[in-house]
Structure formats: C-alpha cells, structure tokens
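Trainee: Residue numbers (this note's numbering): 2 to 113. All C-beta atoms, glycine included, are put in the ideal place defined by N, C-alpha and C. Questions regarding the structure given below will be posed in turn.
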C-alpha cells in the first residue's frame, strides 16, 4: 500500500459545488479588494500630487505678491519728478539746457 493513497490526497480538497462556490467567492472578493486598492492608491497619488502643486502655487503667489509690491513702489517713484529726472540723466544721458556734461575717463580701463 502506498504512503498516500489517491483518495486521502484529494480528500482535503473536495470537489463539490459548495467548494467551488466558496473558492469563486474568495477569488471574487480578493479581486475586488485588489481593484479597490488600485483605485485608492491612484487617488492617494493624485491627492499628494495636488498637495505638492498647491504648495508650489502658494510659493509662486507669494513671489508674485512681492513683485507687485516692488512694482507699486517703483510706480510711486516714477510719479516723482526728481526720480524721472534722475533716470533721464543716468540712462538716457540727457542734460538740462545750459549744463555741461563732464565724462571722467578711467585710465586703467582697456579702452583707453
């Protein structure tokens, strides 16, 4: 007589309709849980991506607010006559009538 008879070996897994129903139910349940897990993980990834993007946008908003403040201050300066005159003299090399422009040449510069 063999150590394990065919009857004993397969008796642990009864092939009855009830057994298949239980197996199919467990397989369906496992597949459903796996599918739910995939959907949940995708939603979590989306959530963290949106949270990261929101932080970046908040930083950008802060930087833009600072730039707006700087530009408003510059606009206030541009409303002042003395600032407009300063810019005209420095950037455009303009002078008032009767003024003489004196340029100081640096003797150490490579151009001279």
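Tell me the residue span of the alpha helix (DSSP H) that contains residue 82.
Mentor: Residue mapping note: residue 82 aligns to position 81 of the chain shown, counting from 1. Its alpha helix (DSSP H) spans residues 82–93.
Trainee: In whole angstroms, give me the CA-to-CA distance for residue 55 and residue 64.
Mentor: Here residue 55 is taken as the residue at index 54 of the chain shown, counted from 1. Here residue 64 is taken as the residue at index 63 of the chain shown, counted from 1. Using only the alpha carbons, I get a separation of about 14 Å.
Trainee: Can you grab the Cα-Cα spacing for the pair residue 106 / residue 89, in whole Å?
Mentor: Counted from its first residue, the chain shown places residue 106 at position 105. Counted from its first residue, the chain shown places residue 89 at position 88. In a straight line, the C-alpha of residue 106 is about 21 Å away from that of residue 89.
Trainee: Residues in its own chain within less than 8 Å of residue 46 by CB, not counting five upstream and five downstream?
Mentor: As a first step, residue 46 must be located in the chain shown, where it is residue number 45. None.
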